[in-house]
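Just so we're aligned: the sequence shown equals residues -23 to -1, 1 to 332 in mature numbering (1 follows the signal peptide of the UniProt record, and there is no 0).
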Amino acid sequence: MKNYKSIYLLTLISLLILLSACSDSTPTTGDTSEKTSEEKVQDNPNPTKEDEQNAENPEAKEGFVLPTEDLQKGDQNDNVIGLQEALIKIGYEIPTTGTYDKETVWAITDLQIQSEDLMITGKYDEATRLVIEDYQDQESTVTSGEGLAYSEDKPLDEETVELSNPFEVLALINKQHALPADYVPADLVFPDVPFPFVEDLPKKQIRQVAADALEELFAAAEQEGLDLYAQSGFRSFETQEYLFASYVSNHGEEEANKFSARPGESEHQSGLAMDVTSPQVNFDLVIEFGDTKEGKWLKDHAAEYGFIIRYPKGKEDITGYQYEPWHIRYVGVKTASEIMERDITLEEYLEELQS
């Protein structure tokens, strides 16, 4: 009997202890709902930057933030991961590497081609961000590859490949990287700059993104009292084929290859290059242009508008062409500034990005 009473008392004591513990853990207020991110920040007397971002953007809590800064080929940071995650969300099967790599350039280019209001550059900018946000808001997806199918560069011979993405502003076009024979930029326009001739010839044209920058460059030159003229922009594959054959006939192939590109290997076909000149050299495209006040000013200020002197002096072994102070190529302000400040070529710049 005594054993049964002892067991009973021990059981009763254990039950009372358990009930007391449960009572202590019960909330004293009637509100048991989970607080929002914003309320948590308000309750926190010393919120971190991450706390504030999570309150402003609930998606950040899930590890997804669409970047607000411009991005381009070679960039490596968390913003690139955010962009890649956004592209995956709207239909692109690309890896989240954190590097603005070839797949990311392709996805952005394809998206821009499919969006009528976007300039086709392969770069991520504010306008492209708004388009991606619109897809997210509507919870819709892109038909991946409808504007530009993804593919690797196509070998043409042992030394040269054909570019799979000729649209991107940072495309390398030289003796080893050729444009497709049928490539003609869809956004060619006539820039509002002076030419030494009045006819609306195709060579007056240049791509829209480069035309806008060229107009700003020429306006700045005019304010400085300079006589800068545009001479030759877009050149089709067929036109380049005719020109190169003519130069070979007159100078021989080895010599012609020093100052003229084979068809497909000319930057003029990209619509991103423009030859410029001045009355001081009779509107010719000659090395002496580099010694004119216009030529000197162009070298010092082209990068401010996104242009580089594509074939600089002393870099002939890298570019494959003679010094051409008149040939400018649009790459964007960020890239142009670095190339011109460091006195390097586009080849050297892109090689560093790849490594």
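Using N, Cα and C, we set each Cβ at its ideal position, and we do this for glycine too.
Complete beta strand (DSSP E) runs within the stretch 278 to 327 (minimum length 3 residues, chain order): Secondary structure remark: continuous beta strand (DSSP E) runs of at least 3 residues inside the stretch 278 to 327, in chain order: 284 to 288, 301 to 307.
Three-pair Cβ contact test at 8 Å for the stretch 297 to 304 versus the stretch 254 to 269: As far as the Cβ criterion goes, the stretch 297 to 304 touches the stretch 254 to 269, which means the pair count is three or higher.
Outcome for residue 61 when other beta-carbon atoms lying within 10 angstroms are tallied against a minimum of 16: Translated into the one-based positions of the sequence shown, residue 61 becomes position 84. Per the 10 Å Cβ criterion, buried.
Among 293, 309, 42, the one whose alpha carbon lies nearest that of residue 106: Here residue 106 refers to the residue found at position 129 when the sequence shown is read from its first residue. Of 293, 309, 42, the residue nearest in Cα terms is 42.
6 Å CB neighbourhood of residue 283 in its chain, flanking five on each side removed: Position 306 of the sequence shown holds residue 283. Scanning its chain for C-beta atoms nearer than 6 Å, with the 5 sequence neighbours on each side dropped, one finds around residue 283 the residues 190, 307, 309, 310, 313, in chain order.
Buried versus exposed call for residue 16 [16 or more other C-beta atoms within 10 Å across all chains shown]: Taking the sequence shown and counting its residues from 1, one reaches residue 16 at position 39. Only weak support is given to the placement of residue 16: the predicted model assigns it a pLDDT of 49, under 50, and the value that follows is read from those uncertain coordinates. Per the 10 Å Cβ criterion, exposed.
Member of 115, 243, 181 whose CA lies at the smallest distance from the CA of residue 350: Since the displayed the chain opens at -23 and closes at 332, residue 350 lies outside it and no answer follows.
Contact set for residue 272: own chain, Cβ-Cβ below 6 Å, skip 5 residues either direction: If you number the sequence shown from 1, residue 272 lands on position 295. Taken in chain order, the residues that qualify are 266, 302.
The stretch 201 to 218 touching the stretch 118 to 129, judged by at least three CB pairs closer than 8 Å: No: the two stretches stay apart, fewer than three of their Cβ pairs being nearer than 8 Å.
Whether residue 143 touches residue 156 by CB criterion (8 Å): On the sequence shown, position 166 is the one that residue 143 refers to. On the sequence shown, position 179 is the one that residue 156 refers to. Yes, the pair counts as a contact, with Cβ atoms nearer than the cut-off.
Alpha-carbon to alpha-carbon, residue 166 and residue 212: What you label residue 212 is simply residue 235 of the sequence shown in a count that begins at 1. What you label residue 166 is simply residue 189 of the sequence shown in a count that begins at 1. The C-alpha of residue 166 is placed about 13 Å away from the C-alpha of residue 212.
Span separating the alpha-carbon of residue 214 from that of residue 159: Residue 214 sits at position 237 when you count from the first residue of the sequence shown. Residue 159 sits at position 182 when you count from the first residue of the sequence shown. Straight-line Cα distance between these residues: approximately 7 Å.
Which of helix, strand or coil DSSP assigns to residue 242: The residue labelled residue 242 in the question sits at position 265 within the sequence shown. Of the three classes helix, strand and coil, the one that applies to residue 242 here is coil, per DSSP.
Spatially closest choice to residue 69 from 235, 188, 151, 122, by CA coordinates: Position 92 of the sequence shown, counted from the first residue, corresponds to residue 69. In terms of CA proximity to residue 69, 122 leads the group 235, 188, 151, 122.
Same chain, Cβ closer than 6 Å to residue 173, neighbours up to 5 away in sequence not counted: Counting from 1 along the sequence shown, the entry for residue 173 is found at position 196. Within the same chain, residue 173 has close Cβ partners 206, 260.
Three-way DSSP call (helix, strand, coil) for residue 48 in this model: Taking the sequence shown and counting its residues from 1, the one referred to as residue 48 is at position 71. Annotated three-state conformation of residue 48 is strand, per DSSP.
Residue 145 beta carbon less than 8 Å from that of residue 99: Here residue 99 is taken as the residue at index 122 of the sequence shown, counted from 1. Here residue 145 is taken as the residue at index 168 of the sequence shown, counted from 1. Pairing residue 99 with residue 145 gives a Cβ-Cβ distance under 8 Å.
Helix, strand or coil at residue 2 according to DSSP, with G and I counted as helix: The sequence position of residue 2 within the sequence shown is 25, counting from 1. Confidence at residue 2 is low in this model, with a pLDDT of 46, below 50, so the placement of that residue should be treated as unreliable; the coordinate-derived value is given next. DSSP places residue 2 in coil when its eight states are reduced to three.
C-alpha distance - residue 57 paired with residue 78, whole-angstrom precision: Counting from 1 along the sequence shown, the entry for residue 57 is found at position 80. Counting from 1 along the sequence shown, the entry for residue 78 is found at position 101. Rounded to whole angstroms, the separation of the alpha carbons of residue 78 and residue 57 is 10 Å.
Cβ separation of residue 235 and residue 153, assumed to be a contact under 8 Å, to the nearest whole Å: Indexing the sequence shown from 1 puts residue 235 at position 258. Indexing the sequence shown from 1 puts residue 153 at position 176. Their Cβ separation, rounded to whole angstroms, is 16 Å, which puts residue 235 and residue 153 out of contact at 8 Å.
Cβ pair residue 150, residue 168 closer than 8 Å: As a working mapping, residue 150 is identified with position 173 in the sequence shown. As a working mapping, residue 168 is identified with position 191 in the sequence shown. Cβ atoms of residue 150 and residue 168: not closer than 8 Å.
First and last residue of the uninterrupted beta strand (DSSP E) at residue 208: Here residue 208 refers to the residue found at position 231 when the sequence shown is read from its first residue. Here the beta strand (DSSP E) through residue 208 covers 206 to 209.
Span of the alpha helix (DSSP H), counted from its first residue to its last, around residue 94: Sequence index remark: in the sequence shown, residue 94 carries index 117 (1-based). Looking at the DSSP string, residue 94 is not in any alpha helix (DSSP H), and its letter there is neither H nor E.
Burial state of residue 87 (16 or more Cβ within 10 Å): What you label residue 87 is simply residue 110 of the sequence shown in a count that begins at 1. By the beta-carbon neighbour count (other beta carbons within 10 angstroms, threshold 16), residue 87 is buried.
Host beta strand (DSSP E) of residue 253 (start-end): Along the sequence shown, one-based indexing puts residue 253 at 276. 250 to 254 is the span of the beta strand (DSSP E), which, as asked, contains residue 253.
6 Å CB neighbourhood of residue 194 in its chain, flanking five on each side removed: Looking up residue 194 in the sequence shown gives position 217. For residue 194, where only same-chain residues beyond five positions count, the Cβ hits under 6 Å are 282.
Residues bridged to residue 342 [DSSP beta-bridge criterion]: The chain is shown only over -23 to 332; residue 342 falls outside these bounds and no answer can be derived.
Backbone CA spacing between residue 331 and residue 323 [nearest angstrom]: Residue numbering aside, residue 331 sits at position 354 when the sequence shown is read from its first letter. Residue numbering aside, residue 323 sits at position 346 when the sequence shown is read from its first letter. Straight-line Cα distance between these residues: approximately 12 Å.
Minimum C-alpha distance to residue 319 - residue among 289, 113, 72, 136: Start at 1 with the first residue of the sequence shown, and residue 319 comes out as number 342. The option with the nearest alpha carbon to residue 319 is 289.
Option in 256, 199, 217 with minimal Cα separation from residue 161: If you number the sequence shown from 1, residue 161 lands on position 184. Of the candidates 256, 199, 217, the one whose C-alpha sits nearest the C-alpha of residue 161 is 217.
Test item: CB-CB of residue 67 and residue 119 under 8 Å: For the purposes of this step, residue 67 is identified with residue 90 of the sequence shown, where counting begins at 1. For the purposes of this step, residue 119 is identified with residue 142 of the sequence shown, where counting begins at 1. Contact: yes.
For residue 154: DSSP bridge partner residues: The residue given as residue 154 occupies position 177 in the sequence shown. For residue 154, the beta-bridge partners assigned by DSSP are 138, 151.
Exposed unless 16 or more other CB atoms sit within 10 angstroms - verdict on residue 221: Position 244 of the sequence shown holds residue 221. Classification for residue 221: buried.
Span of the alpha helix (DSSP H) around residue 163: The residue labelled residue 163 in the question sits at position 186 within the sequence shown. Neither: residue 163 is in no alpha helix (DSSP H) and is coded neither H nor E.
7 Å Cβ shell around residue 103 - same chain, five flanking residues per side excluded: Start at 1 with the first residue of the sequence shown, and residue 103 comes out as number 126. Short of 7 Å from the beta carbon of residue 103, and not among the five residues preceding or following it, lies no beta carbon of its own chain.
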